[in-house]
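Engineer:
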Amino acid sequence: MDRIVNPLNAIGYSDWGIKRTIREAENVSRWNPWKCHEWMEEARDRMDLDNLFHNEYDSAVRRINAYWRMLPRFRHHNPDEFWKRDKVSYPPMYLELMVDDSDW
Numbered sequence: 032m033d034r035i036v037n038p039l040n041a042i043g044y045s046d047w048g049i050k051r052t053i054r055e056a057e058n059v060s061r062w063n064p065w066k067c068h069e070w071m072e073e074a075r076d077r078m079d080l081d082n083l084f085h086n087e088y089d090s091a092v093r094r095i096n097a098y099w100r101m102l103p104r105f106r107h108h109n110p111d112e113f114w115k116r117d118k119v120s121y122p123p124m125y126l127e128l129m130v131d132d133s134d135w
């Protein structure tokens, strides 16, 4: 008997929407800050007049940066290991807000 493959459950590349990319970047920020930077940049680049998610983006940036600032308080946290990329350790690089409301 042949197996019927449902095309809706096909395994492969899935194009995430902007909101999902932001949520997944926030999730991955716990262990891979560089992947988080990459995905947040991708979400930022995909925004246009039809897809305005500035509030969601800025809220996620605030939560991610707050988490990264909190990490050094923990005994188990090793900043050299956490901020390592290609076997080179970098200083912490925080995300920037899209809309800086400090001028208001």
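Here the sequence shown is numbered in my numbering, starting from 32 and rising by one per residue. Ideal Cβ positions, reconstructed from N, Cα and C, are used throughout, including at glycine. Predicted model, so just to flag it, every value in this text is computed and none were measured.
Could you round the C-beta distance between W65 and A56 to whole angstroms and report it? I think they count as a contact, below 8 Å.
Structural biologist: Going by Cβ atoms, the distance from W65 to A56 rounds to 11 Å, so no, they are not a contact pair.
Engineer: With burial defined as no fewer than 16 other Cβ atoms inside 10 Å of the residue's Cβ, what is the status of M32: buried or exposed?
Structural biologist: Because the pLDDT at M32 is just 47, under 50, the model does not fix this residue reliably, and the point stays unresolved.
Engineer: With DSSP as the reference, label K118 as helix, strand or coil.
Structural biologist: The answer is coil: DSSP assigns K118 none of H, G, I, E or B.
Engineer: Identify whether E72 lies in helix, strand or coil by the three-state DSSP scheme.
Structural biologist: In the structure shown, E72 sits in a helix (DSSP, three-state: H, G or I).
Engineer: Is R34 helix, strand or coil when you go by DSSP?
Structural biologist: Any answer about R34 is weak, because its pLDDT of 49 lies below 50 and its placement is not dependable; what the coordinates show is given next. If DSSP states are grouped into helix, strand and coil, R34 belongs with coil.
Engineer: Whole-angstrom Cβ separation of W114 and Y121, contact assumed at under 8 Å?
Structural biologist: The pair is a contact, with the Cβ atoms about 5 Å apart (cut-off 8 Å).
Engineer: Alpha carbon to alpha carbon, how far is E127 from N86? Give it in angstroms, no decimals.
Structural biologist: Approximately 13 Å between the Cα atoms of the pair.
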